[in-house]
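Chemist:
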Amino acid sequence: MRRRPGAFPFAWRGEMQFGVAEGRLTIDMRLTNRDHRPIPAGFGLHPYFPKAPGTTLRFDCTGVWPPDAPETVAKGCGPLEPRLDFHEGRDVGPIVFDRCFEGWDGTAILTAPDGFTTTIEADPVFGKLQIDDAWDYPYICIEPVTNANDGFNRLGLDLAGHAVVVLEPGGSPGAKPRGRHRHCSGVARSESIHDCQQRGVTCRRDCC
C-alpha cells in the first residue's frame, strides 16, 4: 500500500503479511515513513465477527473516550462507565455504540452461544480497543488500535493520551514503539523493527 496523490499529505508505505498456523491467523503490519518530514502515525485492525444472539464479549480496560463528534474532539478519556464495563463479559446483542476503550490489557474474548471462542491478543503498542456495534449489524467490530479515535486532531490539540506517534524521516529513537504479541488463544501482534517502522497484529479462533 502506498500513498495516493492528493490523499494523506505525506509519503508512506504500508505492508501487511498474513500467516496461518495451529488454528491462528497472524497479521504482521509495517508502516514506514518515506517522506522528508516527520509524519503523525497510528494504525490498527478492523475485524468483523459474527454476532449471533447470546454472543458475549469480555475484556479489561481503564477508561473510555467520548463518542466521535466535532464537539467532543477536545475532550479527553473519561472513567469507565458501568454500562461499558466488559470485565465480567456482556451480551453484545443489545449493544449500540462505537467507542474507544483506554488502557486495554491486550486480550479480548468473544464467545458464541455454542461455546466457540475467538480470542484477540495484541502487543502493548495497541493500548486501546475500539468496539463498533449497531442494532442492524449481524456482526461486531473488535479493533485493536494504537491511538485514540480522531487521534490526529487530538494530537493537534496536544490532548493527553491520544497516543499518535510521530515518525521521523529515516527513523529516530524518539519514535520507536516496540512490542510483541503473545498468543494464548488468539489474536493480535505487532512489533516495530526500525525507528520509522511498526509491525503488527494477529487473530486466532479456538474451540473450548
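Under the numbering used here, the residues of the sequence shown are numbered 929 to 1136, in order.
Idealized CB from N, CA, C, for every residue including glycine.
(1) Excluding the five sequence neighbours on either side, which residues of its own chain have a C-beta within less than 8 Å of the C-beta of residue 1091, listed in chain order?
(2) When the Cα of residue 1086 is compared with those of 978, 964 and 1001, which residue comes out closest?
(3) Residue 1023 to residue 1095, Cα distance in whole Å?
(4) Buried or exposed, going by whether 16 or more other CB atoms sit within 10 Å of the CB of residue 946?
(5) Pick helix, strand or coil for residue 1071, following the three-state DSSP scheme.
(6) If we count the other Cβ atoms within 10 Å of its Cβ and call it buried at 16 or more, is residue 1020 buried or exposed?
(7) Reducing DSSP to helix, strand and coil, say where residue 1007 ends up.
(8) Does residue 1018 come out as helix, strand or coil in the three-state DSSP assignment?
(9) Could you tell me which uninterrupted beta strand (DSSP E) segments, each at least 3 residues in length, are contained entirely in the region 1023 to 1054, listed from first to last along the chain?
Modeler: Straight from the coordinates:
(1) Position 163 of the sequence shown holds residue 1091. Closer than 8 Å at the Cβ level, and outside the excluded window around residue 1091, lie 970, 1055, 1056, 1074, 1075, 1076 and 1079.
(2) On the sequence shown, position 158 is the one that residue 1086 refers to. Checked all of 978, 964 and 1001; the closest Cα to residue 1086 is 1001.
(3) As a position in the sequence shown, residue 1023 is number 95, starting the count at 1. As a position in the sequence shown, residue 1095 is number 167, starting the count at 1. Taking the straight line from one Cα to the other gives about 36 Å.
(4) Numbered from its first residue, the sequence shown carries residue 946 at position 18. Burial call: exposed.
(5) Here residue 1071 is taken as the residue at index 143 of the sequence shown, counted from 1. Residue state, collapsed to three classes: strand.
(6) Against the sequence shown, residue 1020 aligns to sequence position 92. By the neighbour-count rule (16 or more Cβ atoms within 10 Å), residue 1020 is buried.
(7) Position 79 of the sequence shown, counted from the start, is the residue given in the question as residue 1007. The answer is strand: DSSP assigns residue 1007 an E or B state.
(8) Taking the first residue of the sequence shown as position 1, residue 1018 is located at position 90. Residue 1018 falls in the strand class under three-state DSSP.
(9) 1025 to 1030, 1035 to 1039 and 1044 to 1049
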